[in-house]
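The structure appears below as structure tokens.
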Amino acid sequence: MARIRFEFDGQTLEADMLDTASAKAIAAKLPYEARVMTWGDEVYFDVPVETPREADAREIMQPGDIAYWLGGPCIAIGFGRTPVSRGDEIRLASPANVFAKATSDVKALKSVKSGSRVKVSLVK
Numbered sequence: 001m002a003r004i005r006f007e008f009d010g011q012t013l014e015a016d017m018l019d020t021a022s023a024k025a026i027a028a029k030l031p032y033e034a035r036v037m038t039w040g041d042e043v044y045f046d047v048p049v050e051t052p053r054e055a056d057a058r059e060i061m062q063p064g065d066i067a068y069w070l071g072g073p074c075i076a077i078g079f080g081r082t083p084v085s086r087g088d089e090i091r092l093a094s095p096a097n098v099f100a101k102a103t104s105d106v107k108a109l110k111s112v113k114s115g116s117r118v119k120v121s122l123v124k
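So the sequence shown is numbered by UniProt numbering: it starts at 1 and just counts up by one.
So, in structure tokens, the structure goes:
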């Protein structure tokens, strides 16, 4: 599949998209821009896509997982503890479809502020 790029204020994150229905639906809507929100050590932002929950949707993410959160619908990138985490896990508010894997350390997103903008595009 393709590679996706997230350009935050002064911060860029790229991820390899997986071969999933969510990844295909998101890729078809790129590029777009959104306003970032934060929730603990998670950034999330609206995505103009509606796709169903996939069989392997989950709440607990691994570092680098990029997820389509059906509750928004939003793209959610967890990089540490959220208000619902137990211990050091990366836990989203509810199950989400993992659609990409970051190619660099997502902890760099700690500096991204709520209210900033993100541009989401495919890497050419």
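Quick reminder that beta carbons are idealized off the backbone N, C-alpha and C, glycines included.
DSSP three-state call for VAL118: helix, strand or coil? Walking along the sequence shown from the start, residue 118 turns up at place 118. Note: VAL118 maps to strand in three-state DSSP.
Simplified DSSP state of MET94, which is helix, strand or coil: Here residue 94 refers to the residue found at position 94 of the sequence shown. The identity of residue 94 in the sequence shown is Ser, whereas the question assumes Met. Strand, per DSSP.
Neighbourhood of GLY80 by C-beta, 6 Å cutoff - its chain only, sequence neighbours within 5 removed: Against the sequence shown, residue 80 aligns to sequence position 80. For GLY80, the CB contacts under 6 Å within the same chain, skipping 5 residues up- and downstream, are ASP41 in chain order.
Spatial neighbours of LYS119 within its chain, please: CB distance less than 6 Å, with the 5 preceding and 5 following residues excluded, ordered by chain position. In the sequence shown, the residue the question calls residue 119 occupies position 119. Counting only Cβ-Cβ distances below 6 Å, and skipping sequence neighbours, we find GLU7, GLU33.
What are the start and end residues of the alpha helix (DSSP H) that includes ALA28? In the sequence shown, counting from the first residue as 1, residue 28 sits at position 28. Counting along the chain, the alpha helix (DSSP H) containing ALA28 begins and ends at 21 to 28.
Terminal residues of the beta strand (DSSP E) in which GLN62 lies: The residue you call residue 62 lines up with position 62 of the sequence shown. Element bounds for GLN62: n/a, residue is neither H nor E.
From LEU70 to ILE4, what distance separates their C-alpha atoms? Reading the sequence shown from its first residue, position 70 is the one you call residue 70. Reading the sequence shown from its first residue, position 4 is the one you call residue 4. Between LEU70 and ILE4, the C-alpha separation is close to 19 Å.
Rank ALA57, GLY115, VAL84 by C-alpha distance to the C-alpha of ARG35 and give the top, closest one. If you number the sequence shown from 1, residue 35 lands on position 35. Considering only ALA57, GLY115, VAL84, the residue with the shortest C-alpha distance to ARG35 is GLY115.
With C-beta atoms as the reference, is LEU13 less than 8 Å away from VAL98? Here residue 13 refers to the residue found at position 13 when the sequence shown is read from its first residue. Here residue 98 refers to the residue found at position 98 when the sequence shown is read from its first residue. Against a cut-off of 8 Å, the Cβ pair of VAL98 and LEU13 comes out as no contact.
Cutoff 7 Å; reference ALA100; Cβ partners in own chain excluding five residues on either side: To locate residue 100, count along the sequence shown from 1; it is residue 100. For ALA100, where only same-chain residues beyond five positions count, the Cβ hits under 7 Å are ILE4, ALA15, ASP16, MET17, LEU18, ALA23, ILE66.
With H, G and I counted as helix, E and B as strand and the rest as coil, what does DSSP make of VAL106? Sequence index remark: in the sequence shown, residue 106 carries index 106 (1-based). Helix at VAL106.
Roughly how far, in whole angstroms, is the beta-carbon of ALA25 from the beta-carbon of ALA57, given that I think they are within contact range, below 8 Å? Sequence index remark: in the sequence shown, residue 25 carries index 25 (1-based). Sequence index remark: in the sequence shown, residue 57 carries index 57 (1-based). Not confirmed; about 14 Å, so no contact.
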